[in-house]
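In what follows, a structure is listed as structure tokens, so that the remarks can point back to it.
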Amino acid sequence: STNKDYSVDTLQKIGTNLAIIERLVEMLNWRNQNQEVVRRSSAEILSRLASKKQNSLRVAEIPGAIESISSLLESTRDSGQATDEIGEHSINQTDLWTFNNLGLLILK
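What follows is the structure, given as structure tokens:
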């Protein structure tokens, strides 16, 4: 279909632009509950990019990429409070599973 063709073309363009890949990796660290949709979208795009070996190497070259990807594997979210306080807020288990799964797909 035409939409699938556009999707493939768009992913190819993103995969050749290191600045965009770096920004997507940076978005994985976003912890605010209001930013979860953007964080999930970034993880979905990166999981598709990383499925291609050349793109996975580009992602791996980014400083802090492994830490950012690993943040998707955490079982709780920090609301940004000080480190000596408990800053967790409730989050849907399905959302946690989705983030965990996307993190594993990127690392794969």
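Counted the way full-length UniProt numbering counts, the sequence shown spans residues 1 to 108. Just so it is clear, CB atoms sit at the ideal spot from N, CA and C, and this is done for glycine as well.
Following the DSSP letters along the chain, one finds T94 inside the alpha helix (DSSP H) bounded by residues 93-107. Going by C-alpha positions, K13 is about 31 Å away from T94. Note on geometry: alpha-carbon atoms of N29 and F99 lie some 12 Å from one another. For L46, the enclosing alpha helix (DSSP H) has its first and last residue at 36-50.
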